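These notes concern the structure reproduced below.
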Amino acid sequence: MQGRKFDQNIEISVRGLKKSFGENKVLNGIDFDLYDGEKVVVLGPSGSGKSTFLRCINRLEEPTSGEVFFENTLISDTNVREMRAKIGMVFQHFNLINNLTVMENLTLAPVKLKKFSEDEASKKARGLLKHIGLSAKADAYPASLSGGQKQRVAIIRALMMDPEVLLFDEPTSALDPESIGDVLDLIHEVVDKGMTTMIVTHEMNFAREIASRVVFIDHGRIIEEGEPAEFFSRPKTPRVKEFLDKVL
């Protein structure tokens with residue numbers, strides 16, 4: 056289904072998205088648009104469908120029904136590897152390849168997908184490692200890194216592909232408190248450069264600082280969304296008020 060017309064500034068458009076795992080209905084009909092340059096933070100209780108929502112956008116999960124469009128094209132009509140190069144994803148548990156060095160983790164996809172030559176990919180990877188203070192870890196294996204170091208490597212691995220959209224699935228939830236700040240600082244830097252992002256997080260202060268829009272999901276539906284100042288200070292629904300009363 057090519058050529059469906061949306062606002063030209065919409066990067067991703069979701070219509071009627073549903074996802075079930077057997078009898079478990081995780082997403083129950085989501086309509087959503089992500090605009091170029093937006094920083095959308097997705098909030099909600101555990102088990103509400105937030106991570107599944109991101110995974111459907113990135114085609115790590117196939118929807119039970121509904122449609123996801125990227126730049127006016129149905130993502131199921133696109134090459135999945137090429138699409139994931141444009142819609143990058145950073146995972147809760149890093150997803151680095153343990154038997155590859157940090158440098159190999161960073162250069163594998165760009166070289167395999169012929170985005171860069173080996174020399175170009177290596178030069179870019181070394182530059183990014185230097186930027187985050189991990190040049191000395193280029194030839195190390197993931198097992199030797201701390202959680203915060205792994206996550207920062209995972210973020211620059213996603214950036215190696217020059218994605219148009221970057222999805223973050225609870226990027227700090229597996230980290231010790233001392234590591235969280237460094238990872239949030241790096242995400243802040245990425246967002247400040249204008250990257251279109253969606254971030255699932257439980258870091259409320261970070262969400263308030265970074266978001267251009269907040270989306271709240273419960274029981275697989277978007278039940279409220281708005282600008283951060285309005286969302287956090289004047290929630291429109293009792294469910295969001297109840298949630299914020301518990302987490303703030």
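Using my numbering, the letters of the sequence shown correspond one by one to residues 56 to 303.
Quick reminder that beta carbons are idealized off the backbone N, C-alpha and C, glycines included.
From a predicted model like this one, the values you see are computed outputs, not experimental measurements.
Cα-Cα separation between residue i and residue j, rounded to whole angstroms
i, j, result
"G102", "E93", "25 Å"
"N134", "K301", "42 Å"
"N113", "E159", "23 Å"
"R294", "K185", "45 Å"
"S172", "S131", "28 Å"
"K105", "D240", "23 Å"
"K248", "I187", "16 Å"
"S75", "F87", "18 Å"
"L155", "I254", "27 Å"
"M138", "V166", "16 Å"
"G236", "L183", "18 Å"
"T107", "E175", "34 Å"
"N64", "R70", "17 Å"
"R308", "V208", "For the chain, the structure presents residues 56 to 303; residue 308 sits outside this window and is missing."
"D273", "N79", "14 Å"
C-beta contact flag for residue i and residue j at 8 Å
i, j, result
"L72", "L82", "yes"
"V123", "C111", "yes"
"I211", "F125", "no"
"A262", "M216", "no"
"F298", "P100", "yes"
"H243", "I265", "yes"
"E285", "R268", "no"
"I85", "R276", "yes"
"S199", "S234", "no"
"A140", "K169", "no"
"P197", "I142", "no"
"M45", "L303", "Residue 45 is absent from the structure shown; the chain starts at 56 and stops at 303."
Whole-Å CB distance - residue i paired with residue j, under 8 Å assumed
i, j, result
"T251", "V220", "5 Å"
"V157", "A195", "6 Å"
"L109", "F271", "Their Cβ separation, rounded to whole angstroms, is 15 Å, which puts L109 and F271 out of contact at 8 Å."
"V145", "D224", "7 Å"
Beta carbon proximity, residue i to chain D, threshold 8 Å
i, result
"G84", "No chain D appears in the structure shown, which is made up of a single protein chain."
Residues near residue i in its chain [Cβ-Cβ closer than 7 Å; skip 5 each side]
i, result
"Q204", "L189 and K192"
"L115", "none"
"Q206", "F149, P226, L230 and V238"
"F287", "R263 and L299"
"S306", "Shown here, the chain extends from 56 to 303; a query on residue 306 therefore has no answer."
Neighbourhood of residue i by C-beta distance below 6 Å, restricted to the same chain and skipping five residues each side
i, result
"L161", "A180, R212 and M215"
"Q147", "D224, E225, S228 and A229"
"V246", "K94, T252 and I265"
"K296", "P290"
Beta-carbon contacts of residue i that lie in its chain and below 8 Å, excluding the five residues immediately before and after
i, result
"K291", "E279 and G281"
Check whether the region 164-182 and the region 145-153 touch, using three or more Cβ-Cβ pairs below 8 Å as the test. no
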